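Per the working numbering, the sequence shown starts with residue 3, numbered consecutively.
Positions of the beta carbon are idealized from the N, C-alpha and C atoms, including for glycine.
If you're wondering where the values come from, they're calculated on a predicted model, not measured in any experiment.
For reference, the structure discussed in these notes is given below.
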Amino acid sequence: MTGHDRERWDARHAVVAADTPMPPGALRGRESLLPPGGAALDVACGRGAVAVWLATRGFTVDAVDVSGVGLAAGAALAARSGVGDRVRWWQHDLDAGLPPGCAGPYEVVVCQRFRDPRLYPVLSRRLAVGGLLVVTVLSECGDAGGPWRAAPGELVAAFAGCVVLAQWEGNGEASLLARRPDDGAAAG
C-alpha cells in the first residue's frame with residue numbers, strides 16, 4: 003500500500019461519525035455460530051466496530067488496519083464500550099502480510115472489504131481448530147469487474163480446507179462463513 007492510500011483512508015475515517023459496535027455483515031442473524039470466546043482477529047478493521055463488538059462478547063481481539071485515524075476511532079469506541087483492555091490495535095500495511103504479533107491461533111477471524119488473495123492461506127493458518135472464518139469481499143458477481151473484485155467462487159476455492167457454513171455471491175459482494183475442521187477430519 004502506498005503512503006497515498008494510507009492518507010486516503012485516514013482522511014475517510016476522519017470524517018465519519020462515531021461508530022457503534024456491530025457484528026460483521028455476513029454474521030448478522032447468525033451470531034449463534036460464534037464460539038463461546040477466546041481470541042479473535044479483525045483484518046482491515048477500519049474504525050473497529052466489529053473488533054469492539056467481538057470484545058463485548060468476551061473475545062480478546064487483535065485489530066489490524068493501515069489507518070491510524072481509524073484505529074484511534076476504534077480505541078475510543080472500545081473505551082466508551084468498556085472493553086478498551088480487550089482489543090490490541092495494530093497499525094500495519096496488510097500488503098506486507100499480518101503483523102508478526104498476530105500469530106494466533108484465533109477462534110474467530112474476520113476480514114471485511116479487504117481482498118488480497120495472498121493473505122487467504124495466512125488467514126486459514128491463523129484459524130484455530132473449530133474456529134469461525136467470516137470473510138466478505140467485493141465481487142464481480144452482479145457487478146463490473148475490477149482489480150479489487152473477487153472472481154466467482156474465489157472464496158470457496160481459497161478456503162477449500164474449511165467446512166463451509168454459508169456462502170453467497172451477488173450484488174457486487176461475496177461472503178463466506180466457514181469453520182476450520184479438526185486437522186484429522188476431512189472438509190466437506
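- Per DSSP, reduced to three states, the secondary structure at Ala-146 is coil, with no helix or strand assignment.
- Using a Cβ distance threshold of 7 angstroms, Ser-141 and Glu-175 count as a contacting pair.
- Straight-line measurement puts the Cα of Pro-102 at about 21 angstroms from the Cα of Ala-57.
- Buried is the label assigned to Asp-64, since at least 16 other Cβ atoms lie within 10 Å of its Cβ.
- Looking at the DSSP output, Val-66 bridges to Val-45, Trp-92.
- 7 angstroms or more divides the Cβ of Val-71 from the Cβ of Pro-23.
- Under the three-state reduction of DSSP output, Ala-28 falls in the helix class.
- In this model, Ser-83 and Val-68 are separated by some 23 angstroms (Cα to Cα).
- A residue is called buried when at least 16 other Cβ atoms come within 10 angstroms of its Cβ; Val-131 does not meet this threshold and is exposed.
- Sorting Glu-33, Glu-156, Val-89, Pro-149 by C-alpha distance to the C-alpha of Leu-73 places Val-89 at the top.
- Cβ atoms of Ala-160 and Pro-119 come within 8 angstroms of each other, at about 6 angstroms.
- For Asn-173, the closest alpha carbon among the candidates Val-111, Ala-180, Ala-152 is that of Ala-152.
- Scanning its chain for C-beta atoms nearer than 7 angstroms, with the 5 sequence neighbours on each side dropped, one finds around Ala-180 the residues Leu-135, Phe-161, Cys-164, Val-165, Val-166, Leu-167, in chain order.
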